[in-house]
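Asks:
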Amino acid sequence: MKNIFFVSIITSILVFGCASNAPLTKSKAYKGIYIEKPLTVLLMPPINRSTNVEAKEYFYSTLNVPIDNAGFYVIPPFLSMAILEKESAYDAELFINAPLTKFKDVFGADMVLFTIINRWDKSSIAANVDVAVEYILKSTKTNDVIYRRKGEVTYDASISTGYSGLIGALADIAASAINTAATKYVDVARVCNTYTFKDLPAGKYNPSYGKDGQELAGKNNFKKRLNSKYH
Amino acid sequence: MKQYIFLIASILILASCSTQKPLYTWGKYDVASYKYLKNRDDKSTQELIKTYKSIIAKQRGTRKVVPPGVYADYGYILLQENKIKEGKAMLLKEVSLYPESKPFIKRILKMLDK
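Quick mapping for you: the protein sequence lines, in order, are chains B and G.
Heads up: the first sequence begins at 1 in the working numbering, then just goes up one per residue.
Heads up: the second sequence begins at 1001 in the working numbering, then just goes up one per residue.
1. Assign B/Asn69 to one of three DSSP states: helix, strand, or coil.
2. Exposed or buried, which one is B/Asn64 when buried takes at least 16 other CB atoms within 10 Å?
3. For B/Arg225 and B/Val41, what's the separation of their Cα atoms in angstroms?
4. Going by alpha carbons, who is nearest to B/Ile96 out of B/Val53, B/Gly71, B/Pro46, B/Ala55?
5. Kindly list, in the order they appear in chain G, the residues whose Cβ is closer than 8 Å to that of B/Thr183.
6. Please check the pair B/Gly151 and B/Thr196, which I expect to be a contact at CB under 8 Å, by giving their CB distance rounded to whole angstroms.
7. Could you list the residues in the stretch 1050-1069 of chain G with a C-beta less than 7 Å from some C-beta on chain B, going in chain order?
8. Measure the beta-carbon distance from B/Ile117 to B/Phe59 and round it to whole angstroms, keeping in mind my assumption that it falls under 8 Å.
9. Any chance the stretch 1039-1059 of chain G sits against the stretch 203-219 of chain B, with 3 or more Cβ pairs inside 8 Å?
10. Check distances from the C-beta atoms of the stretch 1037-1051 of chain G to those of chain B and list, in chain order, the residues that come in under 7 Å.
11. Would G/Glu1100 count as contacting chain A if we go by Cβ distances under 8 Å?
12. Which class does B/Glu252 belong to by DSSP, given the choice of helix, strand or coil?
13. Determine which residues share a DSSP beta bridge with G/Ala1032 and list them.
14. Using the three-state DSSP reduction, which class does B/Ala189 fall into: helix, strand or coil?
15. In or out: B/Val145 buried (at least 16 other Cβ within 10 Å) or exposed?
16. Residue ranges of each beta strand (DSSP E) run of no fewer than 3 residues wholly in the stretch 1045-1099 of chain G, ordered along the chain?
17. How about B/Asn193 and B/Pro66: are their beta carbons less than 8 Å apart?
18. Find the residues of chain G that neighbour B/Val74, judging by a C-beta separation of less than 8 Å, and give them in chain order.
19. Since B/Ser139 sits in a beta bridge, which residues does DSSP pair it with?
20. Count the C-beta pairs between the stretch 71-89 of chain B and the stretch 1064-1083 of chain G that are closer than 8 Å, then say yes if the count reaches three, no if not.
21. Which of the three DSSP states, helix, strand or coil, is assigned to B/Thr25?
22. Tell me the DSSP secondary structure of B/Glu93 in three-state form.
23. Look at the alpha carbon of G/Gln1080 and the alpha carbon of B/Lys219, and state the distance between them as a whole number of angstroms.
24. Report the neighbours of B/Leu39 on chain G: residues whose CB is nearer than 9 Å to its CB, in chain order.
25. To be precise: take each residue of the stretch 50-72 of chain B, compare its Cβ to all Cβ atoms of chain G, and keep it if any distance is under 7 Å. Which residues remain?
26. Using a beta-carbon distance below 8 Å, is B/Val106 in contact with chain G?
27. Following the continuous alpha helix (DSSP H) through G/Arg1040, name the residue where it begins and the one where it ends.
28. In its own chain, which residues sit with a C-beta less than 8 Å from the C-beta of G/Lys1110, not counting the 5 before and 5 after it?
29. For B/Trp120, does the count of other Cβ atoms within 10 angstroms reach 16, so buried, or fall short, so exposed?
30. Determine the DSSP secondary structure at B/Val129, reduced to helix, strand or coil.
31. Is B/Val133 close to chain G? Criterion is C-beta to C-beta, closer than 8 Å.
32. Return the first residue and the last residue of the beta strand (DSSP E) that B/Lys224 is part of.
33. Considering only the alpha carbon of each residue, which of B/Tyr155, B/Ser27, B/Lys141, B/Gly71 lies closest to B/Lys229?
34. Taking the Cβ atom as the reference point for each residue, do B/Gly213 and B/Thr25 lie within a distance shorter than 8 Å?
35. Mind checking the stretch 182-210 of chain B against chain G and listing, in chain order, the residues whose C-beta falls within less than 8 Å of any C-beta there?
36. If I follow the unbroken beta strand (DSSP E) through B/Leu42, where does it start and stop?
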């Protein structure tokens, strides 16, 4: 009797455990993208809630590449920034909960990307960088959120050249020295953006467009350790 | 002999994993665009122009076309440098390659004519 009881408890734990963690297909997780078939994306200047004042620029300059590489059309970042500045619409906080139809009229944008940097901490000992960032893509047609991912990324800054022994150690030091601060921090933002948008459904210019709905989507909230080798 | 076959097979498997090519290649775009965004001085502008030129000259991605926004942003930078004719030509190239860019390119061209 006891045994049956135990088995049933364990089974139910397993079943429930699976159910709550079961990954969704992309067509379910990002339903709006499959229904609306958006093409053009407007990047809003990132909202920086971290203590690092430069984090905004690190992110803004590396957002377009992974989204373009997924097959979408990102409205050219410098051009769109100039128009946003001219129209006094540069503050993303003002628009995150507001109607976005204006961006459809002015830019022809189907989606608007909001990026919120919540944390950017350098650890002094290991030279790692800890970042917490949230990405929200909203439809300009429905104002609905059609893609949202929130990540906690640890950027592992230790560089290994792969050689061992004294020569290897010297080579590692040399490689670390070449990797200047600005280049490194741009790379931190790059890997966060690249990792997050690897999960985007394929856009119109990607051969997988419309064919990837059954692929499994990544987690909405993720924790990940990445380094400069991530592409 | 068997070992060789195994070795070759593993190399082929590894190679096939890593050959997932992107749609476009961007060279040193990330750092160049950051430096321009941050400094907006002559040095960073010239570096960005150089980067755009090399992206346009050579594409090793699967689409073999210039990525979205490159002609347009390059055109915009040229306009900032007072190279009006060249800049406009680049903006029009963007429109012909990516017709979805027409709404905001038209807006920029209108701003120029004012």
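Heads up, the beta-carbon is just placed ideally off N, CA and C, and yes, glycines get one too.
Replies: According to the structure shown:
1. helix
2. Result: buried.
3. 28 Å
4. B/Pro46
5. Val1031
6. 6 Å
7. Arg1063, Pro1067, Pro1068, Gly1069
8. 6 Å
9. no
10. Leu1037, Lys1038
11. Protein chains in the displayed structure are B and G, and chain A is not among them.
12. Since the first and last residues shown for chain B are 1 and 231, residue 252 of chain B lies out of range.
13. According to DSSP, G/Ala1032 bridges with nothing at all.
14. Helix at B/Ala189.
15. exposed
16. Entirely contained in the stretch 1045-1099 of chain G, not one beta strand (DSSP E) run reaches 3 residues.
17. yes
18. Pro1068, Gly1069
19. B/Met111
20. yes
21. strand
22. helix
23. 42 Å
24. Glu1100
25. Glu57, Tyr58, Tyr60, Ser61, Thr62, Asn64, Val65, Asp68, Asn69, Gly71
26. yes
27. No alpha helix (DSSP H) holds G/Arg1040; DSSP gives it neither H nor E.
28. none
29. buried
30. strand
31. no
32. 221-226
33. B/Tyr155
34. yes
35. Ala182, Thr183, Val186, Asp187, Arg190, Tyr205, Asn206, Pro207
36. 40-43
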